[in-house]
Amino acid sequence: MKKWLAYLFMLVLMVTSVPMAASAASTDKSAVKGRVIVIDPGHSEKGNKGKESVSPGSKTMKIKDPGGAVGVRSKTPEYKINMAIALKLKKRLESQGITVVMTKTKDSENPGNQERAEIGNSHHADLVIRIHADSATNQEVHGSTMLVPAPVGYAKPIAATSRKYGEIIQKALVGTAGMKNRGIVERKDLTGFNWSKVPVVLAEVGFLSNPQEDLKLNQASYQEKIAEGLEKGIVQILQ
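All letters in the sequence shown, in the order written, are residues -21 to -1, 1 to 218 by mature numbering (1 follows the signal peptide of the UniProt record, and there is no 0).
Shown next, in the form of structure tokens:
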């Protein structure tokens, strides 16, 4: 009888210890605590018509902020969507013990893309994640695209790492938010990429030109899903 009771006790202990271990692992923040993520909410209230060099040493000048898209049905400007998602993501990452730096915290702030990149550089960020919403002439186009830097300018050494991170985050984003995956697109013409010395990605989180996606992007619950997906991907790359 004593042997049987001892066996039963061991069996119960083994069964109950599995979920306990899994729970402990899911809440272990030691791997990401103190890591630095820079969040860059795209565009601003008034834009910025000043010009800046597209990459170090380049004579090609681009407008710092030409202004973003506007919801085809909601008429909500893109910068409001970007900021709302960015603040939700900030809260989530900080709850994990991650250090978050924002390139801007107000819609009225309009730093250029070189200035935004320099914030990531000066903080030696583990990742800069730029948040944008997309637009197209074809209103049927929808879904998320992850932009990553080509090996241009300062981004040459971090292009491969940025792509790897972009793939991980994109998978988590579309899976969590339930949106179409439009894949990874490499860009060599983005100032914010070319001036970055740290890994950087740009998440296009949906099309404001698509009537259905426009309305979803204006919903706080959907914005939270997007932030959750980005958080999952970021935590994964930091571990």
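All C-beta atoms, glycine included, are put in the ideal place defined by N, C-alpha and C. Just so you know, these numbers come straight off a predicted model, no measurement behind them.
Nearest residue (CA-CA) to residue i, options the options
{"i": "residue 232", "options": "Lys30, Glu24 and Thr78", "result": "Nothing about residue 232 can be read from this structure; the chain reaches only from -21 to 218."}
{"i": "Pro136", "options": "Pro178, Asn27, Met81 and Asp193", "result": "Pro178"}
{"i": "Val80", "options": "Thr170, Leu217 and Val15", "result": "Val15"}
{"i": "Glu57", "options": "Pro20, Glu31 and Lys176", "result": "Pro20"}
{"i": "Thr124", "options": "Arg142, Ala138, Gln149 and Asp193", "result": "Gln149"}
{"i": "Gln93", "options": "Lys30, Val49 and Ala138", "result": "Lys30"}
{"i": "Thr82", "options": "Gly76, Ala96 and Ile60", "result": "Ala96"}
{"i": "Gln191", "options": "Arg142, Ser23 and His121", "result": "His121"}
{"i": "Lys211", "options": "Gly26, Gly47, Tyr144 and Lys59", "result": "Tyr144"}
{"i": "Ala182", "options": "Gln118, Asn189, Val107 and Asn197", "result": "Val107"}
{"i": "Ser53", "options": "Lys195, Glu203 and Ser200", "result": "Lys195"}
{"i": "Gln118", "options": "Pro45, Ser188 and Ser175", "result": "Ser188"}
{"i": "Asp105", "options": "Glu203, Lys12 and His22", "result": "Lys12"}
{"i": "Ser175", "options": "Ala199, Thr39 and Arg109", "result": "Arg109"}
{"i": "Thr55", "options": "Leu68, Lys69 and Ser23", "result": "Ser23"}
{"i": "Gln218", "options": "Lys70, Gly47, Gly76 and Lys38", "result": "Gly76"}
{"i": "Lys59", "options": "Gln198, Leu209, Glu207 and Glu73", "result": "Gln198"}
{"i": "Lys8", "options": "Ser141, Gly46, Ser74 and Ser37", "result": "Ser74"}
{"i": "Gly91", "options": "Leu209, Ser200 and Leu169", "result": "Leu169"}
Min CB distance residue i to chain B below 8 angstroms
{"i": "Gln191", "result": "The structure shown contains no chain B; it holds only a single protein chain."}
Residues that residue i bridges to, as DSSP identifies them
{"i": "Asp113", "result": "Phe186"}
{"i": "Ser123", "result": "Asn160"}
{"i": "Ile108", "result": "Ile18 and Val180"}
{"i": "Pro128", "result": "Arg166"}
{"i": "Pro56", "result": "Val49"}
Range of the contiguous beta strand (DSSP E) that encloses residue i
{"i": "Ile18", "result": "Val15 to Pro20"}
{"i": "Glu31", "result": "Asn27 to Ser32"}
{"i": "Asp44", "result": "Met40 to Asp44"}
Whole-angstrom C-beta distance between residue j and residue i, which should lie under 8 angstroms
{"i": "Lys167", "j": "Ala129", "result": "4 angstroms"}
{"i": "Ile163", "j": "Val127", "result": "6 angstroms"}
{"i": "Leu152", "j": "Ile216", "result": "About 13 angstroms; that fails the 8 angstroms criterion."}
{"i": "Lys43", "j": "Asn27", "result": "4 angstroms"}
{"i": "Val33", "j": "Lys41", "result": "5 angstroms"}
{"i": "Ile18", "j": "Ala65", "result": "5 angstroms"}
{"i": "Ala112", "j": "Val184", "result": "6 angstroms"}
{"i": "Tyr133", "j": "Asn173", "result": "7 angstroms"}
{"i": "Gln202", "j": "Lys67", "result": "6 angstroms"}
{"i": "Ala48", "j": "Ser101", "result": "The Cβ separation is near 29 angstroms, so there is no contact."}
{"i": "Gly50", "j": "Asp193", "result": "4 angstroms"}
{"i": "Gly208", "j": "Gly154", "result": "7 angstroms"}
#### Entry: Length-filtered (4 minimum) alpha helix (DSSP H) runs lying within the segment 60 to 103
If we require 4 residues or more, the alpha helix (DSSP H) runs fully inside the segment 60 to 103 come out as 92 to 101.
### Query
Which ranges would you report for the beta strand (DSSP E) in the segment 164 to 204 if only whole runs of at least 3 residues count?
Inside the segment 164 to 204, DSSP marks whole beta strand (DSSP E) runs of 3 or more residues at positions 179 to 186, from first to last along the chain.
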